[in-house]
Amino acid sequence: MRLGCAAACLVFALGAGSASADEPGPASFDYLYIEANEGGSSGGHVAIRFGAETFHFQHHGGGMLRLQRDHSDAFIHTYTRLRNRPIHAQRVAVTPETYALLRRRFSDRLVLEARQFAILASLQADRDLLTRQGDAGSAPATVPLRAAGLFAVPDAAHVANGAYAAVISAARARFGDDILVRRRDEIARALAALLIPSGEAVEPPPRPHAYAAAPESFTQRAAELLEARTALDVLEGGGPLRADVVRSAELDELALDDGEVAALRAFAGRLEERAADLVGSRRPDYGSALLLALARLGTVARSVHAHRLALLDAYQADAPRLEPAELDAHATVLPVLLDEARAELAAARRVLRGSALLREADFTALESAGNRFLELHAASAHGSALRLASGPLLPSRSAPGTLPDVAPGIAPDERAALAHAAERRADEYATELQRLYGYDLLTRNCVSEIFREIAAALAADDLSGQALACTGSDARLGGCIDPAARLRFIPFLAANAVAAEYQVIASDEVPSYRDGALAAMYARENDLAVFLRESNVISSTIYRPRAADSPFLFFTDDTVLTRPLFGAVNLVVGLGASAAGVLLLPTGDAELLLRGLRGTLFSLPELAFANIRKGSFAHVPRTAPAPPDLPTHVDS
Amino acid sequence: MSNRAMDNVGRFLAAAAAAAVLSLGCSFSDSSKSISDSISGSSGSISDSSTSSSGSDDKKSSQSEALYREDVRNYTAAYVRDGGDVASFQRGLGSIAREHGLSDWEAAPATWTGVGEGLKRAAASPQQLDTMSRELAGDDVAKQREIARGYTGPG
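Chains as they are written, first to last, in the working numbering: chain A, 1309 to 1944; chain B, 6 to 160.
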């Protein structure tokens, strides 16, 4: 039985809405199996999709398996187009209540797991700080102060200029004339009373799927207090923005019309009100939020004054970057990316022309789009390095803040003991997280965790961390998949298990980018000509060899019969590259050798009719024609 | 042997080869990024939806806000259920907000609605509602109203 595309395409309707986690939702979810490729996941990958959200487990550095949530259309774009991997989707029928239970389980885990890793990071920061302090002759300890790096340190000639007089006035009206004095006193007292956790302090061990209680981190609290003090300094002193954090350019794309200027002026008024509120806020980390609000007031004022968008540099200091020499390899892609960034900026600017008051989320979207556009423009026009970042870009450039002596009057051996205790606490927490989330190829991987979460979501009682409880899954999904049984931890066998155990009402495949492009070529050209031209990386018009892929000559993902023959040639190519790499070793360049060895390894399965390597793409425009729809099968 | 069977055998061999030779299973989180990460959306953080260039900006924006509210709700429900101190809870709220592109989470009504919904989901008593309202919102009537709206609403 077959369904037409009208139904099939629902599976991958981009931007499909998703119901609230607690509301009755659509009566199905999608189980996604992503075929293997070299690099990211040579064993294949799986994900579970709830409308616009796709959840999947990724193997992180440090041997951890972490849950990730992506926008569904971006997930499909990344895997099928950039990574050139077909996705096999199975739609599973469920009741709205079951849908809500499943989605809530994954959503919950996302925030609770993230909190546990944040606690680990704060424990490790305490450890690092105390260890450094223990070193003889060490420099005064510093902690990074979020958003403090957006402002220049005023020099001796700087005089308070009243730049934020309206904020101060509003804060005094709201919280009393002495609010700034009171806040400074609070900060000074809290800094003086900061305590290093004693050697006896013990963290409650993290539990799966539970809110983790977090003891106060010495480093985090110190940073918060210093951020607050810096924010008050900037507020009262009119601290200037650093010249290198303000981004603008004489470009038409940044020119503002009167309506947009009016919208920004209104936003500035609102921002002043909010900055005043933050002065009296009870949240512990109000300092960094106040710093950002003040910095944004500065760029908005410049935008209004010049009728040209000026934005804070929103990239993280450690953002990955492509140096100019590396960008040469992407010369043809840069203009395409710039066009896309220009379109994104134009879309983000639409909020300036609407009637609704600009919210922070809207302004962040505008900042993000503007930063990406300016970054790509600088790389294209001036050959600058290109910084890379996904997601919303929230300006947060940090500056080091010097701590008072963290352990005054404490003997060196006692300091060492405190440092040792901090190290023990961080190590124990890391060990527990490793026990809960440590990646294991066979027992805890992207497949096993999805099925465990499904079973736990539908179990009568939360049995997290215990044996698989199948009762609820059996009742609600028609079956239960134990990843430990019958090799079902392997992605493609797990996909078969889904078809066998759950109530799958439809299945579909989204072809890889190359498969889709090939299908279109076969439809309009001579088959033999297409095959001969596109079967290899030299004459292919779809694919260009790239350093991220291992060296190979023939594609083997779209052909079965010739796979061993092509694989043998690829093996020779891999061995040849390895040999050339050996010759380059004396120059200190091991890159070619490593790529050659990888090419050799990924050619071996091809000799036995198995394909892993498919090639990948640095960029595929999101405006590229969608892959052709393949027939959708309904399993009876 | 049918095509499907051959396909399965091929995939099994591929998976076995990958596992045996490379010990690589699931997708690896790649911190090095590709050039496609120079624009939003390609890497797919759910919060990217607010910057999408597609036509339905309003819908995407409200969807993004709804996801933020849900994260706050889920986080609040777990906090109410398992306990902890308020300052630490607020720091967690700050982290969630930053993921969604917000630094001033106190100014976002969705924060307070989400807190109210989380209290409801955790089956918090009216006394717990009052206590948490006071601890988080102080005497700010607008925030308290949003919390109450989330607590009594359908979400």
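Using N, Cα and C, we set each Cβ at its ideal position, and we do this for glycine too.
Can you check whether the C-beta of residue i is within less than 8 Å of a C-beta belonging to chain B?
i, result
"L1975 (chain A)", "With chain A covering 1309 to 1944 only, the question about residue 1975 (chain A) has no answer from this structure."
"A1329 (chain A)", "Low confidence applies here, because A1329 (chain A) scores a pLDDT of 49, under 50, leaving its location unreliable; read the following figure in that light. So, interface residue."
"C1778 (chain A)", "no"
"H1367 (chain A)", "yes"
"S1886 (chain A)", "no"
"S1596 (chain A)", "yes"
"G1907 (chain A)", "no"
"L1902 (chain A)", "no"
"A1673 (chain A)", "yes"
"Y1519 (chain A)", "yes"
"H1353 (chain A)", "yes"
"L1645 (chain A)", "yes"
"V1419 (chain A)", "yes"
Can you tell me whether DSSP reads residue i as helix, strand or coil?
i, result
"Y1745 (chain A)", "helix"
"L1375 (chain A)", "strand"
"H1517 (chain A)", "coil"
"A128 (chain B)", "coil"
"N1844 (chain A)", "strand"
"G1699 (chain A)", "coil"
"F1860 (chain A)", "coil"
"G1547 (chain A)", "coil"
"I1342 (chain A)", "strand"
"P1632 (chain A)", "helix"
"P1708 (chain A)", "strand"
"L1726 (chain A)", "helix"
"G46 (chain B)", "A caution first: G46 (chain B) carries a pLDDT of 49, below 50, which makes its placement in the model too unreliable to give a value."
"V146 (chain B)", "helix"
"V1868 (chain A)", "coil"
"S1781 (chain A)", "helix"
"L1617 (chain A)", "coil"
"T1450 (chain A)", "strand"
"L1694 (chain A)", "strand"
"R1852 (chain A)", "coil"
Of all the CB atoms in chain A, is at least one closer than 8 Å to the CB of residue i?
i, result
"Q149 (chain B)", "no"
"A128 (chain B)", "no"
"A153 (chain B)", "no"
"D109 (chain B)", "yes"
"S69 (chain B)", "yes"
"Q95 (chain B)", "yes"
"R161 (chain B)", "With chain B covering 6 to 160 only, the question about residue 161 (chain B) has no answer from this structure."
"D87 (chain B)", "yes"
"D42 (chain B)", "yes"
"G121 (chain B)", "no"
"G158 (chain B)", "no"
"S32 (chain B)", "yes"
"D76 (chain B)", "yes"
With hydrogens ignored, establish whether the beta-carbon of residue i is closer than 7 Å to any heavy atom of the ligand SAH.
i, result
"R1667 (chain A)", "This structure lacks the ligand SAH, and indeed carries no ligand of any kind."
Assuming the contact rule is C-beta atoms closer than 8 Å, residue i and residue j should be a hit. Round their C-beta distance to whole Å, please.
i, j, result
"G97 (chain B)", "Y73 (chain B)", "Not quite, the Cβ-Cβ distance comes to about 14 Å (not below 8 Å), so this is no contact."
"N1392 (chain A)", "R1822 (chain A)", "5 Å"
"E1568 (chain A)", "L1660 (chain A)", "4 Å"
"P1394 (chain A)", "P1819 (chain A)", "5 Å"
"R1657 (chain A)", "L1674 (chain A)", "7 Å"
"A142 (chain B)", "W110 (chain B)", "That pair is no contact at about 12 Å."
"L1579 (chain A)", "L1605 (chain A)", "5 Å"
"T1538 (chain A)", "A1603 (chain A)", "At roughly 12 Å, the Cβ-Cβ gap does not stay under 8 Å, so T1538 (chain A) and A1603 (chain A) are not in contact."
In chain E, what lies closer than 8 Å to residue i by C-beta?
i, result
"P1592 (chain A)", "The chain inventory of the structure shown lacks chain E, comprising the protein chains A and B."
Decide yes or no for the touch test of the segment 1921-1930 of chain A against the segment 1862-1872 of chain A: beta carbon pairs closer than 8 Å, at least 3 of them.
yes
Segments assigned alpha helix (DSSP H), at least 4 residues, entirely inside the segment 1880-1940 of chain A:
1899-1915
Unbroken beta strand (DSSP E) runs of length 3 or more, entirely within the segment 1367-1435 of chain A: which are they?
1372-1379 and 1395-1401
Any contact between the segment 1417-1424 of chain A and the segment 1547-1564 of chain A? By contact I mean 3 or more CB pairs, one from each, below 8 Å.
no
For the segment 1828-1846 of chain A and the segment 1883-1899 of chain A, state whether three or more C-beta atom pairs, one from each stretch, are separated by less than 8 Å.
no
Evaluate the contact criterion for the segment 1594-1611 of chain A versus the segment 1524-1542 of chain A: three or more CB pairs, one atom per stretch, below 8 Å.
yes
Is the number of C-beta pairs between the segment 1564-1583 of chain A and the segment 1631-1649 of chain A that are closer than 8 Å three or more?
no
Which parts of the segment 1789-1825 of chain A are runs of the alpha helix (DSSP H), unbroken and 4 residues or longer, counting only runs that do not cross its ends?
1799-1809
Counting Cβ pairs, one atom from each stretch, are 3 or more of them under 8 Å apart for the segment 1433-1443 of chain A and the segment 1720-1731 of chain A?
yes
Should the segment 1352-1362 of chain A be regarded as contacting the segment 1422-1437 of chain A, the criterion being three or more beta carbon pairs within less than 8 Å?
no
I'd like the ranges of any alpha helix (DSSP H) spanning at least 4 consecutive residues and lying wholly in the segment 79-111 of chain B.
91-104
Report yes or no: do the segment 1488-1495 of chain A and the segment 1397-1413 of chain A share at least 3 C-beta pairs separated by less than 8 Å?
no
So does the segment 1760-1768 of chain A actually touch the segment 1730-1748 of chain A, counting three or more Cβ pairs closer than 8 Å?
no
Below 8 Å, how does it come out for the segment 1875-1885 of chain A and the segment 1825-1835 of chain A: are there three or more Cβ pairs, yes or no?
no
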